[in-house]
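What follows is a set of notes on a single structure, which appears directly below.
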Amino acid sequence: MSLSQDCDNRHGQMRIVRTSQGRHRCRVKASLLPGLKSGLLGWLLLLFASEAVGHRLDEYLQATRVSVSTHRVDLSLDLTPGVSIVEPLLVVIDKDRDGRLSRDEVSAYAQRVLEDIQVGVDGKVLTPRVMETSFPKLSEIKSGHGVIRIKATAAVDPLASGSHALNLTNAHLPSISVYLVNALVPKDPAIQLGKQTRDELQKAYRLEFSVRPLPR
Amino acid sequence: MNIITIQHLHRVSVAILAGLALLASLTPCVAAKTGEIVSAATAFLATLDDTQRGKVSFPFDDAAQRVRWSNLPVSMAKHGGLRMGDLKANQRDAAMRVLAAALSRMGYEKMIGIVESDEVLRKESGPNAPPFGRDEYFISFLGKPSMTAPWMIQFGGHHLALNITIAGEQGVLTPSLIAVQPARFTLDGKTVRPMGRETDKALELVNDLAAEQRKQAILGSQMRDLVLGPGHDGETIQPEGLRLSAITDTQRKLLLELISEWSGIIHDAAAVAKLNEIKANLSDTWFAWSGPLEAGKAYFRIQGPTVIIEYAPQKLGGDVTMHIHSMYRDPTNDYGRKFSDK
């Protein structure tokens, strides 16, 4: 696979895809914004301008979709920061505070998100690996309509027929976040989903499911 | 019902709705309806110059244009096609006639109400606000208007995305995003609530549930937004809440009236077919509610084998009842894929 296929930086967006050969080095960088000092003015203008418009303001929406099969668990995360929590979020992402999101910073942030999410099946803790990360332009993030997308997958020891349960806890930036968690209808015909249970804020989630023996 | 009569909203709509009323009084004929839509689309194209025709037309299988819709202001989400504000009056009227042909009277009024609410937003917004208002909506066609081959009409902008697939005698409105802010406004001295009926009917339905039913329907967690909004084509989430396999006749009536607020946006012949399909699967349809038992303050979801409706009040703006997002999907037939794959 060529470098250009692995790295997509059109219009300043950054996308890193893990391939079967591992993550390729991408020399692209996210669109460079003015330094944070000059950016602050624009951010404030956007904040005031966005009082009435249809996008998020003071919360970080973390929407997770869970997909279960007999041998793996896939997580798909959409992270949408509101305009007034962008600055504290950038402190986490833009480690060197240079007003740019480098590939390493994006990768490190995706990894940090996954480290803050605990997921397990039948009590066994899983270790999801980042498979794909898509970062919007920083200007989009700052205007409250950029969505950070992370896809991850975790291998699971082949599940035997019978009942199982997946538990997920999202502890990523709880002071500014709201959460959604849902199970996707599985493509694997052996999986039958059951009850979903969440706490009030959807930080903690439990999915009951069963594995059916498939006719030979 | 507090919605304003359409003549207060759009002068050209008077003639359009008179025509619709006349058509409604005649025996419904699906093929004739398709012909009417094709004629309106062809007439619209005839008002355009070559450059405009090039901008409004996309191949039917243009995957990028197909998903170019959003709840966001148009400056934040790229739209293809022709912008209403760039059209001459006769071209704009012809574009509206396409929508009037493809939508029911109720659907057309709802669409106009949403556009007018955005016009209110424009007038109330400051100079640094994104572009709002009735000029900021886009129309496009995917494929050529045809009586037989599948083609699509897209119309949308901020808080609105209508994806209408016409495939011979079939009409499909999914996926469509129906949203509004402000959800209640005054125009010519009358109160307009473009999503007022669905707001009120949902509360009526949940209030009609027996205690045990309501216990199943109400999710114990906060739902802060749509789960299957823009960007989530092809995904189906696990249904939850109350399975509607054993509901009373009153509940069934309320439920179908509620669903009709989305399924009935498309023209009547297609809407009847869609509602019949939903009715056939009602015992495998689920209703979930999250939030207080107050009009417009709670998230709800209706999910069956061929329909997903989500309604999500938005915190932004202070009063959640004034800012609503909703999504209408068919997991088996978004963009009319069931017909176009044949």
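For the record, the sequence lines run as chains A and B.
Residue 489 in this note's numbering sits at position 31 of the first sequence, with consecutive numbering throughout.
Residue 182 in this note's numbering sits at position 181 of the second sequence, with consecutive numbering throughout.
We put the CB at the ideal spot given by N, CA and C, even for glycine.
- B/Gln155 has B/Ser141, B/Asn164 as its beta-bridge partners, per DSSP.
- Inter-residue distance for A/Asp554 and B/Thr149 is about 59 angstroms (C-alpha atoms, whole angstroms).
- Residue environment analysis places A/Ala618 among the exposed positions, since fewer than 16 neighbouring C-beta atoms fall within 10 angstroms of its C-beta.
- The stretch 188-256 of chain B is shown to contain whole alpha helix (DSSP H) runs of 4 or more residues at 197-209, 212-218, in chain order.
- Close to A/Val636, with beta-carbon spacing below 8 angstroms, are these residues of chain B in chain order: Gln223, Arg225.
- By the Cβ-count criterion, B/Ala101 is buried, with 16 or more other Cβ atoms from all chains shown falling within 10 Å of its own Cβ.
- The three-state secondary structure of A/Ser619, taken from DSSP, is coil.
- Taking 7 angstroms as the upper bound on Cβ-Cβ separation, chain B lies near no residue of the stretch 544-556 of chain A.
- Under the three-state reduction of DSSP, A/Ile634 is assigned to coil, being neither helix nor strand.
- Nearest C-alpha to A/Ala521 among B/Ala272, B/Ile238, B/Phe340, B/Gly55: B/Ile238.
- Here B/Thr175 carries a coil assignment [DSSP, helix/strand/coil].
- Of the other Cβ atoms in all chains shown, fewer than 16 fall within 10 Å of the Cβ of A/Val643; this residue is therefore exposed.
- Per DSSP, reduced to three states, the secondary structure at B/Trp263 is helical.
- Look at the beta carbons and you see the stretch 655-672 of chain A not touching the stretch 541-560 of chain A: under three pairs across the two are nearer than 8 angstroms.
- The beta carbon of B/Ala218 sits closer than 8 angstroms to those of Val207, Leu210, Gly242, Leu243, Phe288, Ala289, Trp290, all from its chain and outside the five residues before and after it, given in chain order.
- In this structure B/Phe45 touches B/Ala95 by the C-beta definition: roughly 4 angstroms separates them, less than 8 angstroms.
- For B/Phe45, the three-state secondary structure derived from DSSP is helix.
- Within the stretch 294-333 of chain B, the runs of beta strand (DSSP E) at least 3 residues long that lie entirely inside it are, in chain order, 300-305, 308-314, 325-330.
- By the Cβ criterion, the stretch 265-276 of chain B is in contact with the stretch 165-173 of chain B, since at least three pairs of Cβ atoms, one from each stretch, lie closer than 8 angstroms.
- At a cut-off of 7 angstroms between beta-carbon atoms, A/Leu559 makes no contact with chain B.
- Between B/Gly337 and B/Ala168 a beta carbon distance of about 5 angstroms is seen, short of the 8 angstroms cut, so the two are scored as contacting.
- For A/Glu666, the enclosing beta strand (DSSP E) begins and ends at 662-669.
- If you compare the alpha carbons of B/Gly81, B/Arg93, B/Val308, B/Gln155 with that of B/Leu256, the shortest gap goes to B/Val308.
- Interface residue (Cβ-Cβ distance to chain A less than 7 angstroms): B/Glu120 is not classified as such.
- Setting aside the 5 residues that flank it on each side, B/Gln92 is surrounded in the same chain by Thr48, each with a C-beta closer than 6 angstroms to its C-beta; the list follows chain order.
- Residues of the stretch 286-318 of chain B whose Cβ lies closer than 9 angstroms to any Cβ of chain A, in chain order: Gln315, Lys316, Leu317, Gly318.
- By the rule that beta-carbons nearer than 7 angstroms mark a contact, A/Glu563 does not touch chain B.
- In summary, B/Asp62 is exposed, with fewer than 16 beta-carbon neighbours lying within 10 Å of its beta-carbon over all protein chains present.
- A direct Cα-to-Cα measurement between A/Leu547 and A/Leu584 gives close to 26 angstroms.
- A/Val564 and B/Lys254 have their alpha carbons spaced roughly 51 angstroms apart.
- Listed by position along chain A, the residues whose Cβ is nearer than 9 angstroms to that of B/Thr322 form an empty set, because the closest Cβ is around 15 angstroms away.
- Under the 7 angstroms criterion on CB atoms, B/Gln239 is classed as interfacial with respect to chain A.
- Sixteen is the threshold: since fewer than 16 other Cβ atoms of the shown chains lie within 10 Å of the Cβ of B/Gly221, the residue is exposed.
- With the rule of 3 Cβ pairs closer than 8 angstroms, the stretch 58-76 of chain B counts as touching the stretch 127-146 of chain B.
- Counting along the chain, A/Gly652 sits inside the beta strand (DSSP E) bounded by residues 649-656.
- Annotated as distal: B/Pro195 and B/Gly134, with beta-carbon spacing of 7 angstroms or more.
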